[in-house]
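Undergrad: Pasting in a structure now, in structure tokens, and then I'll have a few things to ask.
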Amino acid sequence: MRKFFKILISVVITLYFSATMFYCFVAGTPDDGKGAVIYMMSAAGLSILFPAFTCGCIHYIIYLRKKMDERSK
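Quick note: the sequence shown uses this note's numbering, first residue 775, plus one each step.
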């Protein structure tokens, strides 16, 4: 149950930062049609990629720390 809450909190935090990054990126969207669509798609991908990568790195570091603790026992 504890692991479920950790994953849920990580997903919520990642989605929150993704949404705020996307909002900040879209604030500077160009006015023309095709350029705006490409810009918004790039902004969406980048705003999801950065927080998800950071969250994944943090979970991987925690996983490695647990492995090290198990080996030292």
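Beta carbons: idealized from backbone N, C-alpha and C, even for Gly.
Start and end of the alpha helix (DSSP H) containing K841?
TA: 807-846
Undergrad: Can you find at least 3 beta carbon pairs, one from the stretch 797-812 and one from the stretch 831-843, that sit closer than 8 Å?
TA: Taking 8 Å as the limit for Cβ pairs, the verdict is that the stretch 831-843 does not touch the stretch 797-812.
Undergrad: Does the pairing of the stretch 805-820 with the stretch 779-786 give three or more beta-carbon distances under 8 Å?
TA: No: fewer than three Cβ pairs fall under 8 Å.
Undergrad: From T788 to M842, what does the alpha carbon distance come to, in whole angstroms?
TA: 27 Å
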